[in-house]
Amino acid sequence: MTSADRMPARQARLGPVMNHPGLTSPVQDMNWHSWTANDGVQALALLALLSYCVTAAITGPFRWAVGLVGLTPIIYFPQILMLGSTLAVVVWESRQGLQPLRAMTLLVISYSILVGLFHTPVYQVLFGIYTLLPFWFGLSCSEIIFRHWHLVFKTSVWLWLVVVTGVILNYWIAYPWEGFGYSVGDLDVVSSREWENIGGGKRLAGFSRASFDAALQTLLLGVIVVMGTRWVWLRLLIWSITFLTIYMTTSKGVYNMFAILSPVVILGQKIPSSAIRWWPLALGLVALLLPMTPLFMDVNFYIRDQELANLTFSFWDRLNDMWPNAWKLLENQGSSLWGRGLGGIGTPQTYFEFNRFNAADNIFVYWFVIFGWVALPGFLLLLLRSLRLNPWRDPVEAAAYCLLLATLIYGITANVVESGFFAIAAGMAVRYLFHETEELKI
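In the numbering used here, the protein residues as written are 127 to 568.
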């Protein structure tokens, strides 16, 4: 292992120094009476992150409880905090002028809104902005969150215990909030999904909204907790319990992430950084190119083995149906070059354009439909920037590397950015690709 692979002692304690003129240092004084405006902006972002993650981890009983007493508007308080903190950070960092990266980001978002208004109703565009709010939050507040990573780690330990406990207990106990729903205006919302596997058997959601939410939360929180744990035996124990919990949710799509992340989170610096720095680029190219297959060839395969067919059904369904229809949606109901804009694909369609609904089921397909093929150079730039990451430079960069890796693995068969927990992680990972540390500047 080279010296570049090892963490300097000071950085192992403090993490990377994020260079941004707007947010200069972490909140040091817990006495809020002595806070500066800079401290207040950071505290608001951390409060929004805490409130959103806690309510997401216990969304089943939380929504059920407030629904019973007629206080359903409280459900959306974390989203209001998230919106407020996102705007506060953008305004605060821009008070002395917009940096080129920030200006470009705002310009791209504005462009996607205008394109969306051209192709879809205004309410669908607004719902598209709301759906991606966790992603916008992760993108804008990434530096604050990484700067206070020690607090994120401590909170993740408790949230991991809550999510794991909820799923394990759900194996023996049927929770009263399963299948519970409520109405927001003319929209019916399910607070906790109750469903079964195709072959029978309950899909356990625990305290989360759905079984796949519980699985994703367990994995992401498990990665953070294990990466911050010193003792190997404890890392193995936590990671084993994480797998058991994912297995109990029967969310097979999370297995790939668990398998690929396992050597990184368990072996850590025993693996040279040079051996794994290219993983995000390789997996990102798979995620980018695989859904393009239907554009060039017919993928209607027939699998005779019934067991294998059941195991791979969802993958072939994407190749034969979801991805081809997404490209048709882009071409026929939008512009191949300029896209359909925000709200043009995914969840907003279920409320305003149901007959054209497409979940994308791939992170790049999702953004292709929004931005069009003009976004392809941007996607390639993001993947190439991943080569800058050295996961063993410091603990925070290791966490950012794992978040990016998980995002790209899951992004092969999911849009990622509409899944709250994961959307925040994806936004943080993308933003980290463009930050500078003192070491990198030298």
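Yeah, the Cβ is synthetic: ideal placement off N, Cα and C, and Gly gets one too.
A quick note: this is a predicted structure, and the numbers were derived from the prediction, not measured.
| task | Would you list the residues sitting across from Gly465 in a DSSP beta bridge? | result | In the DSSP output, where bridge partners are listed per residue, Gly465 has Ser461.
| query | What's the gap between the Cα of Leu363 and the Cα of Gly470? | reply | Whole-angstrom Cα-Cα distance: 43 Å.
| field | Touching by the beta-carbon criterion (3+ pairs, under 8 Å), the stretch 184-204 and the stretch 344-364 | value | Segments in contact, no.
| query | Asn458: buried (16+ other C-beta within 10 angstroms of its C-beta) or exposed? | reply | The residue is exposed, with fewer than 16 neighbouring Cβ atoms inside 10 Å.
| task | Given a cut-off of 9 Å, decide if Asn296 and Ala331 are closer than it, judged by their beta-carbon atoms. | result | It is a contact, given that the beta carbons lie within the stated cut-off.
| said: Tell me the rounded alpha-carbon separation between Met374 and Val293. | reply: Roughly 7 Å between the two C-alpha positions.
| task | Give a single yes or no on whether Gln225 has its beta carbon closer than 8 Å to a heavy atom of the ligand GDP. | result | As for the ligand GDP, it is missing from this structure, which has no ligand bound.
| query | Just the Cα atoms here: how many angstroms apart are Thr212 and Phe263? | reply | Their Cα atoms are separated by approximately 5 Å.
| message | Using 8 Å for Cβ pairs, my map puts Ala214 next to Val167. What's the rounded Cβ distance? | response | Yes, Ala214 and Val167 are in contact; Cβ-Cβ is about 5 Å, under 8 Å.
| field | Helix, strand or coil at Phe483 according to DSSP, with G and I counted as helix | value | Here Phe483 carries a coil assignment [DSSP, helix/strand/coil].
| field | Selected residue, minimal CA-CA separation from Pro302, among Thr355, Thr231, Phe188, Gly379 | value | Residue Phe188 is the option with its Cα nearest to Pro302.
| With burial defined as no fewer than 16 other Cβ atoms inside 10 Å of the residue's Cβ, what is the status of Trp493: buried or exposed? | Counting Cβ neighbours within 10 Å, Trp493 comes out buried, since at least 16 surround it.
| request: Output the distance between the C-alpha atoms of Trp286 and Phe244, rounded to the nearest integer angstrom. | output: Whole-angstrom Cα-Cα distance: 43 Å.
| task | Taking only the alpha-carbon atoms, compute the straight-line gap between Gly394 and Pro521 and give it to the nearest angstrom. | result | Rounded to whole angstroms, Gly394 to Pro521 spans 11 Å at the Cα level.
| field | For Ala524 and Met353, the rounded distance between their alpha carbons | value | Approximately 8 Å, taken between the alpha carbons.
| said: Taking only three categories from DSSP, how would you classify Ile200? | reply: In this structure, Ile200 counts as helix in the three-state DSSP scheme.
| request: Jot down the residue ranges of each uninterrupted beta strand (DSSP E) in the stretch 180-238, minimum 3 residues, whole runs only, in chain order. | output: None, since the stretch 180-238 contains no complete beta strand (DSSP E) of that length.
| query | Cβ of Val391 within 9 Å of Cβ of Arg361? | reply | The Cβ atoms of Val391 and Arg361 sit closer than 9 Å to each other.
| field | Thr246 (DSSP reduced to helix, strand or coil) | value | Coil.
| field | Contacting residues, own chain, Cβ-Cβ under 6 Å from Thr371 (five flanking each side not counted) | value | The beta carbon of Thr371 is closer than 6 Å to those of Val290, Val293, Thr344 in its chain, skipping five residues each way along the sequence.
| Which one of Ala300, Ile397, Phe369, Gly553 has the shortest CA to CA distance from Leu259? | Comparing Cα positions, the closest option is Gly553.
| field | Buried versus exposed, by CB contacts within 10 Å (16 or more), Ala401 | value | Within 10 angstroms of the beta-carbon of Ala401 lie fewer than 16 other beta-carbons, which makes it exposed.
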